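S.K.:
Residue numbers (UniProt numbering): 1 to 464.
#1: Take residue 393 and list the residues in its own chain whose beta-carbon comes closer than 6 Å to its own, dropping the five residues that flank it on each side.
#2: Just to confirm, are residue 321 and residue 456 a CB contact at a threshold of 8 Å?
#3: Which same chain residues, not among the five before or five after residue 470, have their C-beta less than 7 Å away from its C-beta?
#4: Considering Cα atoms alone, identify which of 118, 193, 304 and 41 is closest to residue 290.
#5: Residue ranges of each beta strand (DSSP E) run of no fewer than 3 residues wholly in the region 61 to 149, ordered along the chain?
#6: Does the beta-carbon distance from residue 306 to residue 360 come in below 8 Å?
#7: Within this structure, are the beta carbons of residue 156 and residue 354 separated by less than 8 Å?
#8: Determine, using beta carbons only, whether residue 73 and residue 389 come nearer to each other than 8 Å.
#9: Using the C-alpha atoms, what's the distance from residue 108 back to residue 169?
#10: Spatial neighbours of residue 76 within its chain, please: C-beta separation below 6 Å, excluding the five flanking residues on both sides.
#11: I'd like the list of long-range same chain contacts for residue 373, defined as Cβ closer than 8 Å, with 5 residues on each side in sequence excluded.
#12: Rounded to the nearest angstrom, how far is the Cβ of residue 120 from that of residue 278, given a contact under 8 Å?
#13: To the nearest angstrom, how far is the alpha carbon of residue 240 from that of residue 331?
#14: For residue 192 versus residue 115, is the C-beta spacing smaller than 8 Å?
#15: When we look at the beta-carbon of residue 206 and count the other beta-carbons within 10 Å, is it buried (16 or more) or exposed?
#16: Considering only residues of the same chain and omitting the five flanking positions on each side of residue 297, which have a CB-CB separation below 6 Å?
#17: Quick check on the DSSP output: what are the complete alpha helix (DSSP H) runs of length 4 or more inside the region 163 to 213, in order along the chain?
#18: For residue 23 and residue 32, I'd like the C-alpha separation in whole angstroms.
#19: I'd like to know if residue 68 contacts chain C, where contact means its C-beta is closer than 8 Å to some C-beta of that chain.
#20: Round the Cβ separation of residue 350 and residue 329 to the nearest angstrom and send it over; I've been treating them as touching at under 8 Å.
#21: Since residue 314 and residue 144 are thought to touch, with beta carbons under 8 Å apart, how far apart are those beta carbons, to the nearest angstrom?
#22: According to DSSP, simplified to helix, strand and coil, what is residue 20?
#23: I need the straight-line Cα distance from residue 318 to residue 370, nearest angstrom please.
#24: Count the other CB atoms, across all protein chains shown, that sit within 10 Å of the CB of residue 106; report buried if there are 16 or more and exposed otherwise.
#25: Quick one: give me the first and last residue of the alpha helix (DSSP H) that residue 260 is part of.
#26: Just to confirm the assignment, what range does the alpha helix (DSSP H) spanning residue 48 have?
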């Protein structure tokens with residue numbers, strides 16, 4: 001095959017893989033983000049009042065999800081390798097769907113805490129699992145765009161989550177004696193259940209097992225991934241269930257793993273802040289619950305388009321740290337405006353900067369992590385899970401950054417006690433002094449930019 005024909009064939013093959021793989025993982029992440037963040041919309045619809053919770057208890061409910069997610073992140077990724085993506089990912093989707101449906105029937109704070117904890121346990125494997133799966137199908141230079149398309153599922157969940165909440169809570173409140181927020185959780189849980197069944201039949205495994213590819217296509221995609229299999233996909237060790245302990249040790253002994261864990265944690269605090277609290281932020285500006293739901297849609301839609309453009313340019317130039325720094329600067333400006341402005345229009349426009357920057361930053365950062373830990377596969381798998389595990393602790397911090405009493409600018413300086421509540425499953429944390437909300441998030445983004453520049457310099461000096 002001539003070079004021009006091979007390039008054309010490769011492009012056709014990538015499109016074929018894209019059409020098979022990307023729609024189902026985007027839909028899966030869409031429902032995952034709906035189910036994890038619908039608690040913010042339920043708050044606006046009155047879940048706090050109906051379950052007789054105070055502000056601190058609600059923050060505990062938010063944090064319980066991340067406790068579960070941190071606990072199960074690495075084990076879930078190892079189980080993914082054992083059971084294969086086409087089985088494990090639909091299975092955990094089924095579990096969190098049932099959990100979300102059950103959440104619509106909770107009667108008190110304790111039951112809501114338990115269901116949020118189990119939701120975190122079941123959703124823990126989604127993001128690292130899909131990251132690992134994509135890295136087994138695409139070269140590093142193709143990965144940022146695909147990860148961004150996957151991440152767009154989260155942005156679309158934020159957009160349509162607000163619209164769905166607007167429709168459901170505005171029209172179904174009181175039907176069959178159920179509050180609007182109960183209908184919201186039940187409907188979104190059933191949507192997840194439907195997608196989990198589709199994913200079981202459509203989600204492919206690794207390239208060497210893909211039945212929708214011909215033998216020549218399998219060999220080509222594995223050669224593109226520089227798999228040392230002498231041109232035969234049957235010997236491809238990417239699909240092996242045997243796990244090398246050496247790769248695991250490499251992940252734990254590499255200082256770059258811990259460096260990227262810190263960077264992802266800082267960015268995770270900010271991303272989770274927006275994902276959990278954007279409806280509350282907007283409601284603090286206009287004090288209208290239903291309008292707040294619908295006004296969350298435009299910032300997320302804008303974020304989808306902007307993040308795709310950033311990812312396409314990042315893949316085209318094969319550059320990561322500068323792109324993620326630019327994205328962080330955009331969000332940083334947005335949070336500074338939110339923390340200092342009392343003008344409603346200006347503050348609302350600032351949410352566009354926050355969402356577009358964050359939804360550009362996260363997939364590019366994850367792609368950079370995949371670039372750094374390319375081989376062996378065990379090191380990449382464990383390093384990705386370690387980075388995402390620590391970053392999920394950021395959700396515990398994010399859950400406490402936006403109490404209602406600090407609106408509308410959310411930039412007060414005071415002492416807080418995380419999770420000080422007299423309950424068997426909750427551990428009291430230390431009292432810390434923190435700059436609340438928007439300015440705190442802006443400060444973290446500044447640190448992300450600094451860490452990215454330092455890592456870029458180190459990698460250039462060491463030719464990594």
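Backbone N, C-alpha and C fix where the C-beta goes; we use that ideal spot for every residue, glycine too.
Predicted, not measured: the structure shown is a model, and the values here were computed from it.
M.R.: Reading from the atomic positions:
#1: Listed in chain order, the non-local C-beta contacts of residue 393 below 6 Å within the same chain comprise 70, local neighbours out to five positions each way being set aside.
#2: In this structure, residue 456 lies closer than 8 Å to residue 321 by Cβ.
#3: In the structure as shown, the chain begins at 1 and stops at 464. Residue 470 is therefore absent and cannot be evaluated.
#4: Of the candidates 118, 193, 304 and 41, the one whose C-alpha sits nearest the C-alpha of residue 290 is 41.
#5: Counting whole runs of 3 or more residues, the region 61 to 149 contains no beta strand (DSSP E) stretch at all.
#6: Between residue 306 and residue 360, the C-beta gap is smaller than 8 Å, which places the two residues in contact.
#7: One thing to note: residue 156 has its Cβ no nearer than 8 Å to the Cβ of residue 354.
#8: Yes. Within cutoff.
#9: Here the alpha carbons of residue 108 and residue 169 stand approximately 20 Å from one another.
#10: In its chain, beyond the 5 residues on either side, 124 and 125 have a beta carbon closer than 6 Å to the beta carbon of residue 76.
#11: If we look at residue 373 and ignore the five residues flanking it on each side, its Cβ neighbours are 251, 254, 256, 257, 379, 380, 383 and 384.
#12: Approximately 20 Å separates the beta-carbon atoms of residue 120 and residue 278; this is outside 8 Å, ruling out the contact.
#13: Here residue 240 scores only 48 on pLDDT, less than 50, and its place in the model should not be relied on; the value that follows carries that caveat. So the alpha carbons of these two residues sit roughly 41 Å apart.
#14: Against a cut-off of 8 Å, the Cβ pair of residue 115 and residue 192 comes out as no contact.
#15: Residue 206 is buried by the Cβ-count criterion.
#16: Once the five neighbours on either side are set aside, the close Cβ partners of residue 297 are 159, 162 and 163.
#17: Whole alpha helix (DSSP H) segments, 4+ residues: 180 to 202.
#18: Distance between the alpha carbons of residue 23 and residue 32: 14 Å.
#19: Here chain C cannot be found, since the structure has a single protein chain.
#20: Contact between residue 350 and residue 329 is absent: CB atoms are separated by about 14 Å, not below the 8 Å threshold.
#21: That belief holds up - the Cβ atoms of residue 314 and residue 144 are roughly 5 Å apart, short of 8 Å.
#22: Helix, per DSSP.
#23: Between the C-alpha atoms of residue 318 and residue 370 there is a straight-line separation of about 13 Å.
#24: The residue in question, residue 106, is buried, as its Cβ has 16 or more Cβ neighbours within 10 Å.
#25: That run of the alpha helix (DSSP H) goes 255 to 286.
#26: Residue 48 -> alpha helix (DSSP H) spans 47 to 50.
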